[in-house]
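Presented below is the structure to which this report refers.
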DNA sequence: CTAATAAATGAATGGCATTCATTTAGTGGT
DNA sequence: ACCACTAAATGAATGCCATTCATTTATTAG
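Chains as they are written, first to last, in this note's numbering: chain A, 139 to 368; chain B, 139 to 368.
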């Protein structure tokens, strides 16, 4: 199928999109910032399942192959998105106030941002920071916050990594279905677990279960790691 | 059914799979246990990139479409694998000894198992335990361990979830490349971060960096969560 | 004995990322 | 002013992949 797709257009009041003839256009249509923005729009509209190179090209009113003049692969697009998201993480606490409060605000916003973007977590976990300026900027601010709070220099990176690991895992947790711990017909053979599930659901009432666990773990990490300060 | 599983070809020691004629064979060739075993073998040999329905069918010496008589989708295969892996997690500490030691042994082995299977983490995070008997069994044992250690019932699930979140995030961390924190040409603009990276690398010497961070975070979590006991 | 069901084959199907030949436009050097 | 090179677009493959469907054969239930 020729896929009428992107640029149909002509006279009808569509999104615009005149068909472009082959060859380099006078003004460049694409750049990394535009690709990033289009990817984010697509993700928010259709989710990560809807983020395909073809769909991205359609949003940008370009042939799919044109994207490859600006990124080497789809993975590259994900990297661009990932780095952009890092700029949304709240670092304001590291400007003043206690280390505990700064870490808490940072961790909650970091988790919230990536809870909406869990498919990027495997990407982040392996992404060399060199290629990600926003990510690097975040690490710089956080490192300085830890240093100023009195952390021994050689403990700073392990502490940040431990916190990040917890944050990434917790981001997945946010996306879990309500009934994930429903033991169903097997409940009879798991009395202790089933009782614990019932009991935590009962004591819950307000707020998401994921928030309760995150709060609990974060407090434990903050107090445990905080003890490393000189 | 013992499930001959990875069906071997007739007499010849070819890798080559006698061609079976169409129609139901007298003895069933496939079952879930065999599919699970073949998937695990494939994963260990070729990684998750090599785990395709076609490759799985080839290992089992069947046509790809035959798999769909036993599983509904590839996701289903991943679920089978995931549940099998849960049986490899070390629960022995919960038989006796201190809660701290039991949790520590459980957490390390849990992380080690899934560090080799990070592509399953998104699957687990969303998997209803009903469909996963081994997973359910693990939760039962761990829940009982927490209860016996004096945890208030309504705190047990949040505490386990917090630990699991940390474990999953840390499993990704194990797979990160050595030089992930290399700031390269940008190092000049990130003095605090770069110094922290150098310093933690220097103090490292033995063991993986991921182990240092995991140990640090796990100790913090254990001492913080342990304080919840009555 | 027969109808329903289970389990296999083999041939599509449609979606996907990616590549390649081709076209056109700007750019740097002489 | 010319020319070679490079940049940025189109459009037509390519190959991989999960999944579906019609068909065949065997077993099982009534």
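Built from N, CA and C at the ideal position, the CB exists for glycine as well.
Are residue i and residue j touching if we call contact CB-CB under 9 Å?
i: residue 227 of chain A; j: residue 177 of chain A; result: no
i: residue 167 of chain A; j: residue 215 of chain A; result: no
i: residue 332 of chain B; j: residue 268 of chain A; result: no
i: residue 242 of chain B; j: residue 231 of chain B; result: yes
i: residue 256 of chain A; j: residue 263 of chain B; result: yes
i: residue 294 of chain B; j: residue 247 of chain A; result: no
i: residue 362 of chain A; j: residue 359 of chain B; result: yes
i: residue 223 of chain A; j: residue 258 of chain A; result: yes
i: residue 311 of chain B; j: residue 299 of chain A; result: yes
i: residue 366 of chain B; j: residue 354 of chain A; result: yes
i: residue 309 of chain B; j: residue 296 of chain A; result: no
i: residue 289 of chain A; j: residue 368 of chain A; result: yes
Please report the straight-line C-alpha distance between residue i and residue j, rounded to a whole angstrom.
i: residue 281 of chain A; j: residue 348 of chain A; result: 27 Å
i: residue 342 of chain A; j: residue 209 of chain A; result: 46 Å
i: residue 183 of chain A; j: residue 266 of chain A; result: 29 Å
i: residue 237 of chain B; j: residue 261 of chain A; result: 35 Å
i: residue 286 of chain B; j: residue 303 of chain B; result: 23 Å
i: residue 185 of chain A; j: residue 191 of chain A; result: 14 Å
i: residue 193 of chain A; j: residue 160 of chain A; result: 20 Å
i: residue 217 of chain B; j: residue 318 of chain A; result: 14 Å
i: residue 292 of chain A; j: residue 364 of chain A; result: 14 Å
i: residue 189 of chain A; j: residue 163 of chain B; result: 42 Å
i: residue 202 of chain B; j: residue 172 of chain B; result: 14 Å
i: residue 326 of chain A; j: residue 275 of chain B; result: 12 Å
i: residue 272 of chain B; j: residue 212 of chain B; result: 20 Å
i: residue 195 of chain B; j: residue 165 of chain B; result: 17 Å
i: residue 279 of chain A; j: residue 229 of chain A; result: 7 Å
i: residue 277 of chain A; j: residue 157 of chain A; result: 44 Å
i: residue 316 of chain B; j: residue 339 of chain B; result: 10 Å
i: residue 198 of chain A; j: residue 207 of chain A; result: 14 Å
i: residue 233 of chain A; j: residue 251 of chain A; result: 21 Å
i: residue 301 of chain B; j: residue 187 of chain A; result: 29 Å
i: residue 345 of chain A; j: residue 324 of chain A; result: 28 Å
i: residue 225 of chain A; j: residue 305 of chain B; result: 26 Å
i: residue 330 of chain B; j: residue 235 of chain A; result: 19 Å
Please look up how many angstroms separate the CB atoms of residue i and residue j, rounded, as I've assumed it's under 8 Å.
i: residue 240 of chain A; j: residue 283 of chain A; result: 6 Å
i: residue 253 of chain A; j: residue 356 of chain A; result: With a Cβ gap of about 14 Å, residue 253 of chain A and residue 356 of chain A do not count as contacting.
i: residue 270 of chain A; j: residue 221 of chain A; result: 4 Å
Should residue i be listed as close to the ligand MG, given that the test is whether its C-beta is under 8 Å from any heavy atom?
i: residue 296 of chain A; result: With respect to the ligand MG, the structure shown offers nothing to examine, as it has no ligands at all.
Task: Interfacial residues, the stretch 353-364 of chain A to chain B, with Cβ spacing under 7 Å - done: 354, 355, 357, 358, 359, 361, 362 and 363
Task: Positions along the stretch 298-310 of chain B whose CB lies within less than 9 Å of some CB in chain A - done: 298, 299, 300, 301, 302, 303, 304, 305, 306, 307, 308, 309 and 310
Open item on the list: Please list, in chain order, the residues of the stretch 310-326 of chain A that have any C-beta partner in chain B closer than 8 Å.
Closed with: 310, 311, 313, 314, 315, 317, 318, 319, 320, 321, 322, 323 and 324
Task: Within 8 Å of chain A by C-beta, residues of the stretch 246-263 of chain B in sequence order - done: Closer than 8 Å at the C-beta level to chain A, one finds these residues of the stretch 246-263 of chain B: 256, 257, 259, 260 and 263.
TODO: With 7 Å as the limit, tell me which residues of the stretch 272-298 of chain A have their beta carbon closer than that to any beta carbon of chain B; keep them in chain order.
DONE: 274, 277, 278, 281, 282, 285, 291, 292, 294, 295, 296 and 297
Open item on the list: Closer than 9 Å between beta carbons: that is the criterion. Which residues of the stretch 165-181 of chain A meet it against chain B?
Closed with: none
Task: Contact set between the stretch 182-213 of chain A and chain B, restricted to residues whose Cβ is under 7 Å from the partner - done: Contact residues of the stretch 182-213 of chain A toward chain B are absent (C-beta to C-beta distance below 7 Å).
TODO: Could you name the residues of the stretch 334-355 of chain B whose beta carbon sits closer than 9 Å to any beta carbon of chain A, in the order they occur along the chain?
DONE: 334, 335, 336, 337, 338, 339, 340, 341, 342, 347, 348, 350, 351, 352, 353, 354 and 355
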